[in-house]
Amino acid sequence: MATEHHKLKVSGMSCEHCRCRVQRALEALPGVSSVEVELSTGAVDVEANEGAVTREQLVAEVGKAGYPVTGDVS
Ligand SMILES: [Cu+2]
Numbered sequence: 003m004a005t006e007h008h009k010l011k012v013s014g015m016s017c018e019h020c021r022c023r024v025q026r027a028l029e030a031l032p033g034v035s036s037v038e039v040e041l042s043t044g045a046v047d048v049e050a051n052e053g054a055v056t057r058e059q060l061v062a063e064v065g066k067a068g069y070p071v072t073g074d075v076s
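Heads up: the sequence shown begins at 3 in the numbering used here, then just goes up one per residue.
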């Protein structure tokens with residue numbers, strides 16, 4: 003199955019705990035195969051099955067975990 007990457011810029015992550023929260027929240031979504039979070043820049047790269055998740059869903063999950071998404075990373 004084809005995969006796609008969603009890249010988000012998340013603000014407010016300040017430590018390993020934050021990084022872990024965001025990573026776990028996104029990995030819990032069905033169809034998500036891997037999540038990479040770069041703490042220093044707030045860059046989040048979500049790999050998911052094509053069409054499995056929308057950007058809006060990802061933004062909502064990150065928001066529920068307590069962090070605002072401030073934009074896209076290309
Ligand atoms: Cu933290």
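Cβ coordinates follow ideal geometry from the N, Cα and C atoms, glycine included.
Classified as exposed, Glu18 has fewer than 16 neighbouring CB atoms from the shown chains inside 10 Å of its CB. Of the heavy atoms belonging to ligand 1, none sits nearer than 7 angstroms to the Cβ of Ser42. Here Met15 is buried, its C-beta having at least 16 other C-beta atoms within 10 Å.
Relative to Asp74, the option among Arg21, Met3 and Val48 whose CA is nearest is Val48.
One alpha carbon belongs to Lys11, the other to Ala30, and they sit about 19 angstroms apart.
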